[in-house]
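Chains as they are written, first to last, in the numbering used here: chain A, -18 to 221; chain B, -18 to 221. A virtual CB, placed ideally from N, CA and C, is assigned to each residue, including glycine.
1) Take residue 168(B) and list the residues in its own chain whose beta-carbon comes closer than 6 Å to its own, dropping the five residues that flank it on each side.
2) Tell me which residues of the region 104 to 118 of chain B have at least one Cβ-Cβ distance to chain A shorter than 7 Å, keeping chain order.
3) Could you work out which residue in 121(B), 174(B) and 26(B) is closest to residue 202(B) when comparing CA atoms only?
4) Could you give the distance in angstroms between the alpha-carbon of residue 248(A) and the alpha-carbon of residue 8(A)?
5) CA-CA distance, residue 193(B) and residue 172(A)?
6) Please give me, in chain order, every unbroken run of the beta strand (DSSP E) with length at least 3 that falls completely inside the region 117 to 196 of chain A.
7) Counting contacts by CB-CB distance shorter than 8 Å, is residue 72(B) in contact with chain A?
8) Looking at C-alpha atoms only, which residue of -7(A), 0(A) and -11(A) is the closest neighbour of residue 190(A)?
9) Span of the beta strand (DSSP E) holding residue 110(B)?
10) If you measure between the beta carbons of residue 40(B) and residue 86(B), is that distance less than 8 Å?
11) Taking C-alpha atoms, which residue in 31(B), 15(B), 18(B) and 108(B) lies nearest to residue 154(B)?
12) Which residue or residues does DSSP assign as beta-bridge partners of residue -6(A)?
13) Starting from residue 27(A), trace the alpha helix (DSSP H) both ways and give me its first and last residue.
14) Does any residue of chain A have a CB that is nearer than 8 Å to the CB of residue 136(B)?
15) If the cut is a Cβ gap below 8 Å, which residues of chain B does residue 155(A) touch?
16) Report the CB separation of residue 103(B) from residue 221(B) in whole angstroms; it is logged as a contact under 8 Å.
17) Could you compute how far the alpha carbon of residue 90(A) sits from the alpha carbon of residue 3(A)?
18) What number of angstroms, rounded off, separates the C-alpha of residue 26(B) from the C-alpha of residue 5(B)?
19) So residue 122(A) contacts chain B; which residues on that side make the cut at Cβ distance below 8 Å?
20) Any C-beta of chain A within less than 9 Å: which residues of the region 47 to 61 of chain B qualify?
21) Roughly how many angstroms separate the alpha carbons of residue 205(B) and residue 141(B), rounded to a whole number?
22) Buried or exposed, going by whether 16 or more other CB atoms sit within 10 Å of the CB of residue 126(B)?
23) Give me the residue from 181(A), 75(A) and 67(A) with the minimum Cα distance to residue -5(A).
24) Whose C-beta lies closer than 7 Å to the C-beta of residue 144(B) among residues of the same chain, with five residues either side of it excluded?
25) Helix or strand or just coil, what does DSSP make of residue 207(A)?
26) Is the beta carbon of residue 163(B) closer than 8 Å to that of residue -7(B)?
27) Exposed or buried, residue 62(A), counting other C-beta atoms within 10 Å across all chains shown (16 or more means buried)?
28) For residue 38(B), name the three-state secondary structure that DSSP assigns.
29) Leaving out five residues on either side along the sequence, give the residues of the same chain with a beta carbon under 7 Å from the beta carbon of residue 10(B).
30) Measuring only the C-alpha atoms, how far is residue 28(B) from residue 75(B)?
31) Measure from the alpha carbon of residue 106(B) to the alpha carbon of each residue in 83(B), 156(B), 82(B) and 113(B), then state which is nearest.
32) Which one or two residues does DSSP pair with residue 64(B) in a beta bridge?
33) Using 8 Å as the threshold, is the C-beta distance between residue 184(A) and residue 208(A) below it?
34) The alpha helix (DSSP H) that contains residue 81(B), what's its start and end?
35) Restricting to Cα atoms, I'd like to know which of 72(B), 151(B), 118(B) and -10(B) is closest to residue 18(B).
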């Protein structure tokens, strides 16, 4: 890495779902609790995976222009109604559905996330660069203790990743060039899209994001600027 | 104050220039340092006041539609060129002008600001709701240790305060009703505009924002929800 590389870098931005927080076990836990309280039967992990499986298709409708920009909370709710029907769950009131939809605001971080972010924040601007809407990311940060300096991403840009506007607009509102920004993600596709916009890139694998049988994103598929085991090792690579 | 008032409140948002930070003495200090380094003569305090006097007229050009939305850093720079001419200062290079313009990113907080914000953050979302652009507010926060959960305001809304969109869009991205939000400001006009949008209001006077001879905004001119001497007293009023 050239000597001036870190001097140029000003902002370290993060993908959130899967990279910072463990959505699968968090959602599974909430679904299982709700099932127990309401007396219906469901496999929370399967429910979480089914709900998440509708995530990319819903955003694709926005990316294609079929839907105007719609915040993720609204897409999550449309998807929730579909998954509840798919699993034959009819026991939930409207208030309970609304609360379950906000389980995405209460996701738990991976064990290294807060410690690593806190170290990186001492030297760089740390920002979320997520497809999650601002309220979701802010509420999650309050819940999980994530010390963001700034909430960027899809809602600020009016475009969902991996569309280039999501990365470019995030750099622009920080008044930075893309090369002064880094994206950290557990997903090769996100990093490739950011790199194409001129961002620096750091791959941090989360090999069980999708469970013990996960085969995707186990290793970097391109020459990213940093590859680190977790956010603490990432902080070390960044000189923090 | 009714019992449920604090339960309803979720986000405490803050005007920044004058309310959180002391722009006048900060800018004066930077101008005086620069004058000494470059060997020209200027009264830094007068320069700061003259620069700030162009702030509202510049935003008015955006509010009226004469200019499309233009971030405050750009307006500050247009105004700086005008003030430099007015004061007959010709000694600055382009890089020095750019750096001086970023003095607004390096303003110092009032002595109670960080302590009060940190307490309020334990219970509520704390957000900036400023006419300053995102980069300005984020860089200022890094410099001054301001613990914002979220940066809201003019650039996010595409409208300058006191236009209602600035307040309403800030509440909307938090997925909150205006009545779940409070604006804290040292300026009656800002609070009146926020109240008209349904925000709760807190007046914290900064009686020397414009210097020892300041006559405006010495006291609340309407029935605001809270009046407090400083941010620590504000935290107490908010039950933090």
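With the given structure in hand:
1) 198
2) 106, 115 and 116
3) 174(B)
4) The structure shown does not extend to residue 248(A), since chain A spans only -18 to 221, so no value can be given for it.
5) 54 Å
6) 131 to 134, 162 to 166 and 181 to 184
7) no
8) Per the Cα distances, 0(A).
9) 106 to 111
10) no
11) 108(B)
12) 108(A) and 164(A)
13) Start and end: 25 to 34.
14) yes
15) Residues of chain B passing the Cβ test: 115, 116 and 119.
16) Indeed they touch by this definition, with Cβ atoms about 6 Å apart.
17) Whole-angstrom Cα-Cα distance: 6 Å.
18) 7 Å
19) 130
20) Residues of the region 47 to 61 of chain B that bring their beta carbon within less than 9 Å of a beta carbon in chain A comprise 52 and 54, in sequence order.
21) 22 Å
22) exposed
23) 181(A)
24) 44
25) strand
26) yes
27) exposed
28) Of the three classes helix, strand and coil, the one that applies to residue 38(B) here is helix, per DSSP.
29) 25
30) 18 Å
31) 156(B)
32) Residue 64(B) pairs with nothing; no bridge assigned.
33) yes
34) 75 to 82
35) 72(B)
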